[in-house]
Amino acid sequence: MTKTEPSPPATDGLKSITGLTDQEFDVLTATLAKIRTPKTDDCGAHAKMLSAVRNQLQQRLNQAANLNDAEKEKLLNDIAELDLKINVTSH
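Take 1 as the starting number for the sequence shown in my numbering and just add one per residue.
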């Protein structure tokens, strides 16, 4: 008795329990794998972008002596908002 290709017993069991066709089961498995994949790359890039914008605003605030109080307050509020977004993105 020869075996051509052993199939994993867990997969066969799941297919029979769910009643899905092979194609439906493969689509479901691929979708679940995609959902389970960590999205750290996306979050990391987004956090870096927010951090770069925050640093530019901070430099503008530090270097511009001719800003009026309203402009300074706006920059400070924008920096604080970016800090919150960066903290949410990085966690």
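For every residue, glycine included, the Cβ atom is placed at its ideal position computed from N, Cα and C. The model shown is predicted, which means the values in this text are computed figures rather than measured ones.
Can you have a look at residue i and say buried or exposed, based on whether 16 or more other CB atoms are within 10 angstroms of its CB?
{"i": "residue 50", "result": "buried"}
{"i": "residue 27", "result": "exposed"}
{"i": "residue 1", "result": "Reliability of the predicted coordinates at residue 1 is poor, the pLDDT of 48 falling under 50, and the value obtained from them is presented with this limitation in mind. Exposed."}
Ordered along the chain, which non-local residues of its own chain (more than five positions away) have a Cβ less than 7 Å from that of residue i?
{"i": "residue 78", "result": "57"}
{"i": "residue 59", "result": "none"}
Using CA coordinates, which residue listed in the options is at the minimum distance from residue i?
{"i": "residue 84", "options": "54, 59 and 65", "result": "54"}
Using a Cβ-Cβ distance cut-off of 7 Å, determine whether residue i contacts chain D.
{"i": "residue 82", "result": "In the displayed structure, chain D is absent; only one protein chain is listed."}
Excluding sequence positions up to five away, which residues of its chain have a Cβ less than 6 Å from the Cβ of residue i?
{"i": "residue 74", "result": "none"}
Our contact map puts residue i next to residue j with C-beta atoms below 8 Å; I'd like the distance itself, whole angstroms only.
{"i": "residue 82", "j": "residue 72", "result": "16 Å between Cβ atoms; not a contact."}
Leaving out the 5 sequence neighbours to the left and right, which residues in its chain are closer than 8 Å to residue i when beta-carbon positions are compared?
{"i": "residue 86", "result": "47, 50, 51 and 54"}
{"i": "residue 76", "result": "61"}
Consult DSSP for residue i and reduce its assignment to one of helix, strand or coil.
{"i": "residue 66", "result": "coil"}
{"i": "residue 29", "result": "helix"}
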